[in-house]
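Shown next as structure tokens:
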């Protein structure tokens, strides 16, 4: 191999290495890009961040429509809590406000921080489900063995398309204690 | 070079450009043919390791109920089978072929960066050993599927102690393939014989050039994704952790941004080899050379913008579903061009049916079937039925086994006589072909029915209505697995002398018209093209009448 070819090879190799390193960075850049695309509702609709506190607006109650809302509660394998919905199912009119309660208990002898994350089925209705008050808006702190009854107040926007008859809202409580201590 | 080896060389001066003696030759070699051989033999070994895992899977699925292994180990087997076959067998096999063939085909003396070439190979070995070591760890090997989706892959029950090892293994494998890709690009751009223009290059060289760019673009993204998994697990970041404001669906997007180009990384060089073999046995120039090059480039481009068709069911807005559906269907156009061109190359050709040609024809037919099931799944509303069932298992196995793996076998039969100077046993070769082709269909075709009937993938046990087709599929699997021992026998036998028939430089009739490598002596000398060829075959550039 002549010296000039050798130099050309090294130069090209270096350029390509820079491309590879840039692509590693691009992988991380996908994280904020994803957030933006979700905000524009291009690729994902029911992100936890979408479920925000909404100011109470007066809607016209649509008494002719009735939608069944089911409440599910989930705990992953190692979360030391009790967690249940006090109302399992509710028939609601779009535009009318309702309050339901959730019960959660810390089963450990230590203080615990936990965060509830919502998930909707069908996923695309999350934008019509407006929450005025919810334990899911922030991280909850439980003292040792503490039990809480936590309210959630919501309304279904009357603009919700006709075809939705049943909505399932599922909450998962994640144990965030370790994470909070470390951060 | 060590002093001991120096002395050795002095004994026979005429060999001073030959290989090192002894085992050290294989460890320190920078010769593209030696490294190619190492890659190919390593890939062949991993093909049998990954194949054994598949046999465990098929044995467990032979009947409903749990017979041989516990569910966690079963899931380790599906995960490891995929990782070993993708990163240990198919990708390294094509890198091995690239190492052997690209310098021979473009008239270069060696790869552009020979020492880096050696390093890529040994990093691959290190990466695969690290991955294999997880099999012996407390909690077993990763068993959340090869896609390593969170949150499953991060839960204690799935990872055991294996996750960080799997992640570092992916890093090593990634660095190894990126170095290999850089080397291939540098070789093709800078080391080509001056007489060879870009549009004179054999299709195998073209497809590898494009594949190498794909590798450089997406392997780092995968490395980033698994690094995020690692920091989520051990350093309390929240990229994919919903409790911390992250989103597990983000991982799927990043993974498939890598994953979809990755499947083309495994298929584009396959196209290249098929486009090399078919014209030789059809005794015609390749039909539509330029369209082949453009089709390859288009497929590579499209591979970057269709990733979310792997995740139609995550809850995308309709606009997203439609975009990814139509973009995916677009891929059928350049792929159709390729299938048309292979068929047109064979049309009215003076065809003969030696083993490499048989495997190539089977590839054209069976790959097309895999392509059609791919189109079915590209239809977003229909995909909701197929998603995560045996239908997708059947689909990607059709595009990988009777496509990539068959073409790798074809390449073995096609070039082994050139490399070794010995002819393989044609009778056993044909037996291997027929056994493989019949059994691969018994193995994978019924899986379409299972998938349509609703059998989910990655499960060790299933409802009884799936029993019959699973049993047939397993029988096909055992025959296919056993048949591959014939290939192992043929490879060893050919290296050790084969039929004893002396092969000519061309090996196959008029092959020298189709590629530079056939103008070299058989077996290929240790050093070739120390002076570049002055003219190159350009028959493939001519259109057929």
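Residue numbers (the numbering used here), protein chains in the order written: chain B, 44 to 226; chain W, 110 to 654. Beta carbons are placed, not taken as given, at the ideal position from N, Cα and C, and that holds for glycine.
Can you round the beta-carbon distance between residue i and residue j to whole angstroms, since I take them to be within the 8 Å contact cut?
i              : j              : result
residue 529(W) : residue 603(W) : 6 Å
residue 173(B) : residue 200(B) : 6 Å
residue 421(W) : residue 496(W) : 7 Å
residue 290(W) : residue 324(W) : 4 Å
residue 126(B) : residue 216(B) : 5 Å
residue 391(W) : residue 460(W) : 5 Å
residue 315(W) : residue 402(W) : 5 Å
residue 221(W) : residue 140(W) : In fact, because the Cβ distance is near 14 Å, the residues do not count as touching under 8 Å.
residue 218(W) : residue 639(W) : 5 Å
residue 310(W) : residue 215(W) : 7 Å
residue 329(W) : residue 187(B) : Going by Cβ atoms, the distance from residue 329(W) to residue 187(B) rounds to 46 Å, so no, they are not a contact pair.
Mind checking if residue i is an interface residue toward chain W, Cβ cutoff 8 Å exclusive?
i              : result
residue 219(B) : yes
residue 138(B) : no
residue 61(B)  : no
residue 67(B)  : yes
residue 107(B) : no
residue 55(B)  : yes
residue 149(B) : no
residue 51(B)  : yes
residue 135(B) : no
residue 92(B)  : Because residue 92(B) sits at a pLDDT of 48, beneath the cut-off of 50, its placement in the model cannot be relied upon, and the point is left open.
residue 187(B) : no
residue 209(B) : no
residue 74(B)  : yes
residue 166(B) : yes
Residues of chain B with a CB under 8 Å from the CB of residue i: which are they?
i              : result
residue 264(W) : 119, 120
residue 500(W) : In chain order: nothing, as chain B lies at least about 23 Å away.
residue 330(W) : 66, 67, 69, 70, 73
residue 621(W) : Neighbours of residue 621(W) on chain B: none; closest Cβ ~26 Å, over 8 Å.
In terms of DSSP beta bridges, what is residue i paired with?
i              : result
residue 347(W) : The partner list for residue 347(W) (beta bridge, DSSP) is empty, contrary to what the question assumes.
residue 608(W) : Its beta-bridge partners do not exist; DSSP assigns none.
residue 156(B) : 184(B)
residue 228(W) : DSSP output for residue 228(W) lists no bridge partner at all.
residue 196(B) : 142(B), 176(B)
residue 504(W) : Residue 504(W) is not bridged to any residue.
residue 212(B) : 114(B), 163(B)
Taking only beta-carbon atoms, is residue i less than 8 Å away from chain B?
i              : result
residue 503(W) : no
residue 333(W) : yes
residue 634(W) : no
residue 642(W) : no
residue 163(W) : no
residue 472(W) : no
residue 204(W) : no
residue 269(W) : no
residue 259(W) : no
residue 424(W) : yes
residue 348(W) : yes
residue 291(W) : yes
residue 414(W) : no
residue 481(W) : no
residue 421(W) : no
Rank the options by C-alpha distance to the C-alpha of residue i and give the top, closest one.
i              : options                        : result
residue 113(B) : 58(B), 70(B), 145(B), 49(B)    : 145(B)
residue 164(W) : 552(W), 343(W), 366(W), 475(W) : 552(W)
residue 307(W) : 387(W), 255(W), 399(W), 274(W) : 399(W)
residue 184(B) : 135(B), 81(B), 74(B), 147(B)   : 147(B)
residue 544(W) : 606(W), 468(W), 564(W)         : 468(W)
residue 356(W) : 46(B), 67(B), 81(B)            : 81(B)
residue 118(B) : 230(W), 234(W), 352(W)         : 352(W)
residue 196(B) : 72(B), 97(B), 71(B)            : 97(B)
Along chain W, in chain order, which residues have C-beta atoms closer than 9 Å to that of residue i?
i              : result
residue 196(B) : Those within 9 Å of residue 196(B) in chain W number zero; the least Cβ separation is about 23 Å.
residue 48(B)  : 221, 299, 300
Give me the chain W residues within the contact set of residue i, using Cβ-Cβ distance strictly less than 8 Å, ordered along the chain.
i              : result
residue 203(B) : Simply none; closest approach about 16 Å.
Compare the C-beta of residue i with all C-beta atoms of chain A and state if any pair is closer than 8 Å.
i             : result
residue 71(B) : The structure shown contains no chain A; its protein chains are B and W.
Find the residues of chain W that neighbour residue i, judging by a C-beta separation of less than 7 Å, and give them in chain order.
i              : result
residue 158(B) : 352
Which residues of chain B have a Cβ atom closer than 9 Å to the Cβ of residue i, listed in chain order?
i              : result
residue 490(W) : Per Cβ cutoff of 9 Å: no residues; residue 490(W) is ~15 Å from chain B at best.
residue 389(W) : By Cβ distance, chain B contributes nothing, its closest Cβ being about 31 Å from residue 389(W), past 9 Å.
residue 294(W) : 55, 56, 59
For a contact meaning CB atoms closer than 7 Å, what does residue i contact in chain B?
i              : result
residue 359(W) : 74, 77
residue 493(W) : The contacting residues do not exist; residue 493(W) stays about 13 Å from chain B at best.
residue 326(W) : 66
Measuring only from the beta carbon, is residue i closer than 7 Å to any heavy atom that is part of the ligand GDP?
i              : result
residue 290(W) : With respect to the ligand GDP, the structure shown offers nothing to examine, as it has no ligands at all.
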